[in-house]
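**Student:** Dropping the structure in here first, questions after.
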Amino acid sequence: MAAIQMESVVKTFGSVRALDGFDLEVAAGEVHGFLGPNGAGKSTTMRVLLGLLRTDSGTTRLLGGDPWAEAADLHRRLSYVPGEINLWGNLTGGEVIDVLGRMRGGLDEARRADLIERFELDPSKKCRTYSKGNRQKVALVAGLAAQVDLYLLDEPTSGLDPLMEAEFQRTVHELKDAGATVLLSSHILAEVEALADRVSIIRAGRNVQSGTLADLRHLTRTTVLVETASAGEDLKDLPGVHHLRRDGARLVFEVDDDALQEVLGRLASMGVRALQAHPPTLEELFLREYGEEVSA
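If you want my numbering, it's the 1-based position in the sequence shown plus 267.
The structure is reproduced here in structure tokens:
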């Protein structure tokens, strides 16, 4: 059974169609990356899953239930970490973590202590003294200390430094190893690339691409940077070669996957001096999906 299943979901705000026939399926036990620019519909999707918004049409199932009609029961089985959080300024970070924990029936105290140490949070300070990064650590400790079936993480590392980002990634791997499901909405594409089993890209309220990273890379071109003994401009006549240009002593171009063998054979005959070839990064996939230029 899928942990999350949304089919043909529509949600409008006046004349704005935030979700426009949106589909999403997240398998139980996977980390699913959720990508899209501001205004694409990511936050609206999260609010629908949390039972905060009622859809106009379509179906949404969360852990086998209806998030709108069964919100109270489902919230006992999920944890949510937002990217923007407002804390009670007169409470300490530890007190906020405990309040949030009691609202959901309690936290694992050993795990709470472990996460506080790992995220280097001082829980004795008043929240009004915290930086953006420390406020986010409070949200992460409160959210990740809960032992639940599903974690909804909406830009969860906003404001964290690289060391804490790495700690977050280790924690998510542990959640997955324990059998939990994670829906990770993020603008940090390297983060999604490091964590996600599958990815969905939302654009203008529609799911425009879903699949594993290998699936998505298969649909795109490989970038090749090569230095050869001969000029090599005749490569532009080969099928599958795109955007050939010279960058100093190197040739840079993109090649369709099914044309790689023929292109490599031609390069070998030209006397290769240096060669780099790499599949597109998730950032390149994301930018290309939105029709933007990506530099090599």
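Every residue, glycine too, gets a C-beta built ideally from N, C-alpha and C.
According to the neighbour-count rule (16 or more other Cβ atoms, all chains shown, within 10 Å of its Cβ), is ALA406 buried or exposed?
**Tutor:** Taking the first residue of the sequence shown as 1, we reach residue 406 at position 139. It counts as buried.
**Student:** Can you tell me whether ARG343 is helix, strand or coil according to DSSP?
**Tutor:** Here residue 343 corresponds to residue number 76 of the sequence shown, with the count starting at 1. If DSSP states are grouped into helix, strand and coil, ARG343 belongs with coil.
**Student:** Under the rule that 16 or more other beta-carbon atoms within 10 Å means buried, what is PHE386, buried or exposed?
**Tutor:** Numbered from its first residue, the sequence shown carries residue 386 at position 119. Flag for PHE386 reads buried.
**Student:** Comparing C-alpha positions only, which one of MET268, ALA269, VAL277 and ALA270 sits nearest to GLU473?
**Tutor:** Position 206 of the sequence shown, counted from the first residue, corresponds to residue 473. With the sequence shown as reference, residue 473 is identified as Arg, and Glu is not the correct amino acid for it. Ranking MET268, ALA269, VAL277 and ALA270 by Cα distance to ARG473 puts VAL277 first.
**Student:** Only counting the same chain, and skipping five residues up and downstream in sequence, which positions put a Cβ closer than 7 Å to that of MET313?
**Tutor:** Within the sequence shown, residue 313 is the residue found at index 46, counting from 1. Taken in chain order, the residues that qualify are LEU419, ASP421 and SER452.
**Student:** Can the beta-carbon of LEU492 be found closer than 9 Å to that of LEU456?
**Tutor:** On the sequence shown, position 225 is the one that residue 492 refers to. On the sequence shown, position 189 is the one that residue 456 refers to. No; because the gap between Cβ atoms is not below 9 Å, this pair is not in contact.
**Student:** Could you give the DSSP three-state label for SER410: helix, strand or coil?
**Tutor:** Residue numbering aside, residue 410 sits at position 143 when the sequence shown is read from its first letter. The amino acid at residue 410 is misidentified as Ser; the sequence shows Gly. GLY410 falls in the helix class under three-state DSSP.
**Student:** Taking the straight line between their C-alpha atoms, what separation do you get for LEU505 and ARG484?
**Tutor:** Counted from its first residue, the sequence shown places residue 505 at position 238. Counted from its first residue, the sequence shown places residue 484 at position 217. Answer to the nearest angstrom: the Cα atoms are 21 Å apart.
**Student:** With distances taken Cα to Cα, identify the nearest neighbour of ARG328 among GLY350, ALA270 and ASP340.
**Tutor:** Working through the sequence shown from its first residue, we reach residue 328 at position 61. Residue ALA270 is the option with its Cα nearest to ARG328.
**Student:** Using a Cβ-Cβ cutoff of less than 6 Å, which residues in the same chain neighbour GLY281 once the five nearest sequence positions on both sides are dropped?
**Tutor:** Indexing the sequence shown from 1 puts residue 281 at position 14. Closer than 6 Å at the Cβ level, and outside the excluded window around GLY281, lies no residue.
**Student:** Roughly how many angstroms separate the alpha carbons of ASP525 and GLY507, rounded to a whole number?
**Tutor:** Residue numbering aside, residue 525 sits at position 258 when the sequence shown is read from its first letter. Residue numbering aside, residue 507 sits at position 240 when the sequence shown is read from its first letter. Answer to the nearest angstrom: the Cα atoms are 8 Å apart.
**Student:** Pull up the distance between the alpha-carbon of GLY350 and that of GLY332, whole angstroms please.
**Tutor:** Translated into the one-based positions of the sequence shown, residue 350 becomes position 83. Translated into the one-based positions of the sequence shown, residue 332 becomes position 65. Take the alpha-carbon of GLY350 and the one of GLY332: they are about 25 Å apart.
**Student:** Check this for me: beta carbons of ALA413 and GLY296, under 9 Å apart or not?
**Tutor:** Walking along the sequence shown from the start, residue 413 turns up at place 146. Walking along the sequence shown from the start, residue 296 turns up at place 29. Cβ atoms of ALA413 and GLY296: not closer than 9 Å.
**Student:** List the whole-angstrom C-beta distance separating VAL539 from THR495, where the pair is believed to meet the contact cut-off of C-beta under 8 Å.
**Tutor:** On the sequence shown, residue 539 is found 272 positions in, with the first residue counted as 1. On the sequence shown, residue 495 is found 228 positions in, with the first residue counted as 1. With a Cβ gap of about 6 Å, VAL539 and THR495 count as contacting.
**Student:** Work out the CA separation of THR359 and LEU291 for me, nearest whole Å.
**Tutor:** Residue mapping note: residue 291 aligns to position 24 of the sequence shown, counting from 1. Residue mapping note: residue 359 aligns to position 92 of the sequence shown, counting from 1. So the alpha carbons of these two residues sit roughly 38 Å apart.
**Student:** Report yes or no: do the stretch 421-434 and the stretch 365-378 share at least 3 C-beta pairs separated by less than 8 Å?
**Tutor:** no
**Student:** Hey, how far is the Cα of GLN528 from the Cα of VAL315?
**Tutor:** To locate residue 528, count along the sequence shown from 1; it is residue 261. To locate residue 315, count along the sequence shown from 1; it is residue 48. Taking the straight line joining both Cα atoms gives about 47 Å.
**Student:** Please look up how many angstroms separate the CB atoms of GLU398 and GLY361, rounded, as I've assumed it's under 8 Å.
**Tutor:** As a working mapping, residue 398 is identified with position 131 in the sequence shown. As a working mapping, residue 361 is identified with position 94 in the sequence shown. For the sequence presented, residue 398 should be read as Ser rather than Glu. With 8 Å as the limit, SER398 and GLY361 do not qualify as a contact, their Cβ atoms being about 17 Å apart.
**Student:** Once the 5 residues before and after GLY400 are set aside, which same chain residues still bring their CB inside 8 Å of it?
**Tutor:** Numbered from its first residue, the sequence shown carries residue 400 at position 133. Excluding residues within five positions, the ones whose Cβ falls inside 8 Å are GLY426, LEU427, ASP428 and MET431.
**Student:** Going by beta-carbon coordinates alone, are LEU480 and LEU554 separated by less than 9 Å?
**Tutor:** Position 213 of the sequence shown, counted from the first residue, corresponds to residue 480. Position 287 of the sequence shown, counted from the first residue, corresponds to residue 554. No.
**Student:** Please state the DSSP three-state secondary structure of LEU417.
**Tutor:** As a working mapping, residue 417 is identified with position 150 in the sequence shown. Strand, per DSSP.
**Student:** Output yes or no for whether 9 Å exceeds the beta carbon distance between LEU330 and LEU319.
**Tutor:** One-based indexing of the sequence shown puts residue 330 at position 63. One-based indexing of the sequence shown puts residue 319 at position 52. Not in contact: LEU330 and LEU319 (Cβ atoms no closer than 9 Å).
**Student:** If ALA544 sits next to THR489, beta carbons under 8 Å apart, how far is it from one beta carbon to the other, in whole angstroms?
**Tutor:** Locating residue 544 in the sequence shown gives position 277, counting from the first residue. Locating residue 489 in the sequence shown gives position 222, counting from the first residue. Indeed, because the Cβ distance is near 6 Å, the residues count as touching under 8 Å.
**Student:** Could you say which of ARG402, VAL408 and THR396 lies nearest to GLU384 if we only look at CA atoms?
**Tutor:** Start at 1 with the first residue of the sequence shown, and residue 384 comes out as number 117. Comparing Cα positions, the closest option is VAL408.
**Student:** Fully enclosed by the stretch 457-526, which alpha helix (DSSP H) runs are 4 residues long or longer?
**Tutor:** 480-485
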